[in-house]
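Heads up, the thing below is written out as structure tokens.
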């Protein structure tokens, strides 16, 4: 008999703890969700449906047509790339833009991970900006941030470029009989 009450009391205690954590006094759950999603920067990676073997990133963040000319999109493949000055940027954010490579003073040479990046599409949808970037190197982690021109970004999102399989040999030619 005591065992049954013990299980009931533990269940009630667990329910109270979960209820307190989810709904704190003075803050409704729907307010928290709106606050989190209104400033979030997210990244999704996939294989291109138009270019064979090309890895694509789609970045989504809050904005409108007027804000695009006032924003900077930056990317690095180095863990502390923004801090050490090894990244790439594009501004204004529009389709067809190649990324400008930023290097620490005195550094020259190639910039693996950056040199083939290009913005291929920019869409506006329900208060969100969706930027499509192609030319990612498979397997690399890309750290992205968006901030106003002249400012600095604090919110960073990371995504890993996918490896898009490509057949190594073209299909055999079949003779056409006429």
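Residue numbers (my numbering): 21 to 198. Ideal Cβ positions, reconstructed from N, Cα and C, are used throughout, including at glycine.
Query                                                                                                                                                                                        : Result
Quick one, which of 159, 162 and 117 has its alpha-carbon nearest residue 141's?                                                                                                             : 117
Helix, strand or coil for residue 62 per DSSP?                                                                                                                                               : strand
Give every residue of the same chain whose Cβ lies closer than 8 Å to the Cβ of residue 102, excluding the five residues on either side of it in the sequence, and list them in chain order. : 94, 96, 163, 165, 173 and 176
Check for me: the alpha helix (DSSP H) holding residue 104 runs from which residue to which?                                                                                                 : 101-104
Can you check whether the C-beta of residue 117 is within less than 8 Å of a C-beta belonging to chain D?                                                                                    : No chain D appears in the structure shown, which is made up of a single protein chain.
In the DSSP assignment, find the unbroken beta strand (DSSP E) run with residue 146 in it and report its ends.                                                                               : First-last for residue 146: undefined, no H or E at that position.
Going by Cα to Cα distance, which pick from 78, 79, 62 and 84 is closest to residue 145?                                                                                                     : 84
Could you give the residue range of the beta strand (DSSP E) that holds residue 122?                                                                                                         : 120-122
By the DSSP assignment, the beta strand (DSSP E) with residue 134 in it spans what residues?                                                                                                 : Careful: residue 134 lies outside any beta strand (DSSP E) and carries neither H nor E.
Under the rule that 16 or more other beta-carbon atoms within 10 Å means buried, what is residue 113, buried or exposed?                                                                     : buried
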